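Numbering (the numbering used here), first residue to last: 1 to 417.
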């Protein structure tokens, strides 16, 4: 028997209803906030992710599914969505008509990392991106949107973490202070951090190795090195979050290691998933559009781990299971062919109808209707055909009524709705 590849999963009926419900809530909220859906390819040129995520990151170095196509060009299953959305924004010149654009996408991503609770090699994300706005107020709007989404999905035990990454003017001074500090604790760092501390010291702050996290606990904080403009921006972000009633903590160790990230960065963290505690994260990446060959346009966005979100939501799949409106118990070939026409017509009218195709006994068909939790059963056999009437039974009240075969679909539609 061929089985799933490790780190992948099937989303089966009984679970998929919850996924659909979460997606519906997310879509409605995002569109209420002015976001438009964009659908991007699953496969892109490897260069796109190497440039956007960073060649010295774990994702690019260890986790991407990369392979040559027939011409020898390297292509990659997308490990995240932002780079592809930026690429589409540039390639299709979406900035030409109006640089201010708001997009969202929902779909699978791929990373070959160690599978663990809440993490898969094919995982799903909800992404939202805003282009063309410099103001920190849109960062606040994204955080507010996330908080409202989690509230609607009844997600408990979450807290917003925020930080500022400064800008190209104030970051060099911070990096110098950081490099000096790392030199004093280099013997406590893992091999990856020792390699990165000179090339990209911010990446060391983002390391998940416990020994490294302990070693950098007292590292300089970037919020102590902000220029006046970045400080004013971060103050405004905090003030507006307070006015909107969004609780948050300032987390000095919350960083993004690449130079095109700037100012506000944020995560929604939970205590329900163990060490992998981030369920959503985002921030401002003002330099990425120009880094990928586009104009100098600011941008900000977030990503939500869909798989994790479904584990955290207070909603249950059983709330969204759609049981049959009616089950047709047909006895005999002639009745079954007529019943088949009915269920097709009922489905076309938006009424979910099921039929037993195997010609089983009435008792067996009634048991199946019970298993499916059908609201009604329509019984038709030779006797009913002779009378020109079928029997409609309400499975809750056990009341029965005769329904004329002539105009039956319309009659059932009127009774059910």
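For each residue, glycine too, the CB sits at the ideal point set by N, CA and C. All figures in this text were calculated on a predicted structure; none of them were measured in a lab.
Original post:
Can you list, in chain order, the residues of its chain whose CB lies under 7 Å from that of residue 99, leaving out five sequence neighbours each side?
Top reply: Mapped onto the chain shown, residue 99 falls at position 99. The answer, listed in chain order, is 131, 132 and 297.
Original post:
Beta carbon of residue 161, beta carbon of residue 312: below 8 Å?
Top reply: Reading the chain shown from its first residue, position 161 is the one you call residue 161. Reading the chain shown from its first residue, position 312 is the one you call residue 312. No, the pair does not count as a contact, with Cβ atoms beyond the cut-off.
Original post:
With contact counted as at least three CB pairs below 8 Å, one residue from each stretch, are the segment 314-324 and the segment 352-362 in contact?
Top reply: Yes, the segment 314-324 touches the segment 352-362.
**OP:** To the nearest angstrom, report how far apart residue 230 and residue 224 are at their CA atoms.
**Re:** Counting from one through the chain shown, the residue named residue 230 turns up at place 230. Counting from one through the chain shown, the residue named residue 224 turns up at place 224. Within the model, the alpha-carbon separation for residue 230 versus residue 224 is close to 11 Å.
Original post:
Since residue 404 is in the beta strand (DSSP E), which residue starts that stretch and which ends it?
Top reply: Mapped onto the chain shown, residue 404 falls at position 404. That run of the beta strand (DSSP E) goes 400-404.
Subject >> Where residue 40 sits in the DSSP three-state scheme >> reply: One-based indexing of the chain shown puts residue 40 at position 40. Coil.
**OP:** Check whether the segment 357-375 touches the segment 384-396, counting contact only when three or more Cβ pairs, one atom from each stretch, lie closer than 8 Å.
**Re:** The segment 357-375 vs the segment 384-396: in contact.
**OP:** Over the uninterrupted beta strand (DSSP E) stretch that includes residue 109, give me the two end residues.
**Re:** For the purposes of this step, residue 109 is taken as residue 109 along the chain shown, with counting starting at 1. Unbroken beta strand (DSSP E) run through residue 109: 101-110.
Subject >> residue 267, DSSP secondary structure in three states >> reply: Counted from its first residue, the chain shown places residue 267 at position 267. Strand.
**OP:** Tell me where the beta strand (DSSP E) around residue 414 begins and ends.
**Re:** The sequence position of residue 414 within the chain shown is 414, counting from 1. Residue 414 -> not in any beta strand (DSSP E); alpha helix (DSSP H) instead, spanning 408-416.
**OP:** Can you say whether residue 384 is buried or exposed, counting buried as having 16 or more other CB atoms within 10 angstroms of its CB?
**Re:** Along the chain shown, one-based indexing puts residue 384 at 384. The residue in question, residue 384, is buried, as its Cβ has 16 or more Cβ neighbours within 10 Å.
**OP:** From the DSSP output, read off the bridge partner residues of residue 68.
**Re:** The sequence position of residue 68 within the chain shown is 68, counting from 1. For residue 68, DSSP records a beta bridge to 74.
Original post:
Going by other Cβ atoms of all chains shown within 10 Å of its Cβ, with 16 needed for buried, is residue 20 buried or exposed?
Top reply: Reading the chain shown from its first residue, position 20 is the one you call residue 20. Under this definition residue 20 is an exposed residue.
Subject >> First and last residue of the uninterrupted alpha helix (DSSP H) at residue 232 >> reply: For the purposes of this step, residue 232 is taken as residue 232 along the chain shown, with counting starting at 1. Where residue 232 is concerned, the enclosing alpha helix (DSSP H) stretches over 228-243.
**OP:** Drop a sphere of 10 angstroms on the beta-carbon of residue 404, count the other beta-carbons inside from all chains shown, and report buried for 16 or more, exposed for fewer.
**Re:** On the chain shown, residue 404 is found 404 positions in, with the first residue counted as 1. When all chains shown are included, residue 404 counts as exposed.
Original post:
For residue 347, which of helix, strand or coil comes out of DSSP?
Top reply: Counted from its first residue, the chain shown places residue 347 at position 347. Helix, per DSSP.
Original post:
Between the C-alpha atoms of residue 114 and residue 213, what's the straight-line distance to the nearest angstrom?
Top reply: Here residue 114 refers to the residue found at position 114 of the chain shown. Here residue 213 refers to the residue found at position 213 of the chain shown. The alpha-carbon atoms of residue 114 and residue 213 are separated by roughly 20 Å.
Original post:
Can we say the segment 285-301 touches the segment 329-336, given the rule of at least three CB pairs closer than 8 Å?
Top reply: no
Original post:
Taking DSSP as the reference, what is the three-state secondary structure of residue 361?
Top reply: What you label residue 361 is simply residue 361 of the chain shown in a count that begins at 1. If DSSP states are grouped into helix, strand and coil, residue 361 belongs with coil.
Subject >> Segment limits, beta strand (DSSP E) that includes residue 160 >> reply: The residue you call residue 160 lines up with position 160 of the chain shown. Taken as a continuous stretch (DSSP letters only), the beta strand (DSSP E) holding residue 160 covers 158-164.
Original post:
Where does residue 150 fall in DSSP's three states?
Top reply: Along the chain shown, read from residue 1 onward, the residue named residue 150 stands at position 150. Helix.
Subject >> DSSP three-state assignment for residue 389, whether helix, strand or coil >> reply: Numbered from its first residue, the chain shown carries residue 389 at position 389. Note: residue 389 maps to strand in three-state DSSP.
**OP:** Please name the residue or residues paired with residue 301 in a DSSP beta bridge.
**Re:** The residue labelled residue 301 in the question sits at position 301 within the chain shown. Partner(s): 129 and 283.
Original post:
Within this structure, are the beta carbons of residue 38 and residue 82 separated by less than 8 Å?
Top reply: For the purposes of this step, residue 38 is taken as residue 38 along the chain shown, with counting starting at 1. For the purposes of this step, residue 82 is taken as residue 82 along the chain shown, with counting starting at 1. In this structure, residue 82 does not lie closer than 8 Å to residue 38 by Cβ.
Subject >> residue 327 - DSSP class collapsed to helix/strand/coil >> reply: The residue labelled residue 327 in the question sits at position 327 within the chain shown. Reduced to three states, the DSSP call for residue 327 is strand.
**OP:** Drop a sphere of 10 angstroms on the beta-carbon of residue 92, count the other beta-carbons inside from all chains shown, and report buried for 16 or more, exposed for fewer.
**Re:** Here residue 92 is taken as the residue at index 92 of the chain shown, counted from 1. When all chains shown are included, residue 92 counts as exposed.
Subject >> residue 215 - containing alpha helix (DSSP H), residue span >> reply: Taking the chain shown and counting its residues from 1, one reaches residue 215 at position 215. Taken as a continuous stretch (DSSP letters only), the alpha helix (DSSP H) holding residue 215 covers 210-215.
**OP:** Flag this pair as touching only if the segment 62-78 and the segment 43-53 have three or more C-beta atom pairs under 8 Å; answer yes or no.
**Re:** yes
Subject >> The alpha helix (DSSP H) enclosing residue 86, as first and last residue numbers >> reply: Reading the chain shown from its first residue, position 86 is the one you call residue 86. Start and end: 82-91.
Subject >> residue 271 burial status per 10 Å Cβ neighbour count (16 or more: buried) >> reply: Locating residue 271 in the chain shown gives position 271, where the first residue counts as 1. Using a 10 angstroms sphere on the CB of residue 271, the tally of other CB atoms stays under 16, which defines it as exposed.
Original post:
If residue 158 and residue 279 are in contact, beta carbons under 8 Å, what's the gap, nearest whole angstrom?
Top reply: As a position in the chain shown, residue 158 is number 158, starting the count at 1. As a position in the chain shown, residue 279 is number 279, starting the count at 1. 7 Å between Cβ atoms; contact.
Original post:
Rounded to the nearest angstrom, how far is the Cβ of residue 226 from that of residue 166, given a contact under 8 Å?
Top reply: In the chain shown, residue 226 corresponds to position 226, counting from 1. In the chain shown, residue 166 corresponds to position 166, counting from 1. Their Cβ separation, rounded to whole angstroms, is 5 Å, which keeps residue 226 and residue 166 in contact under 8 Å.
Original post:
Terminal residues of the continuous beta strand (DSSP E) containing residue 255?
Top reply: As a position in the chain shown, residue 255 is number 255, starting the count at 1. No beta strand (DSSP E) holds residue 255; DSSP gives it neither H nor E.
Original post:
Exposed or buried, residue 209, counting other C-beta atoms within 10 Å across all chains shown (16 or more means buried)?
Top reply: As a working mapping, residue 209 is identified with position 209 in the chain shown. Residue environment analysis places residue 209 among the exposed positions, since fewer than 16 neighbouring C-beta atoms fall within 10 angstroms of its C-beta.
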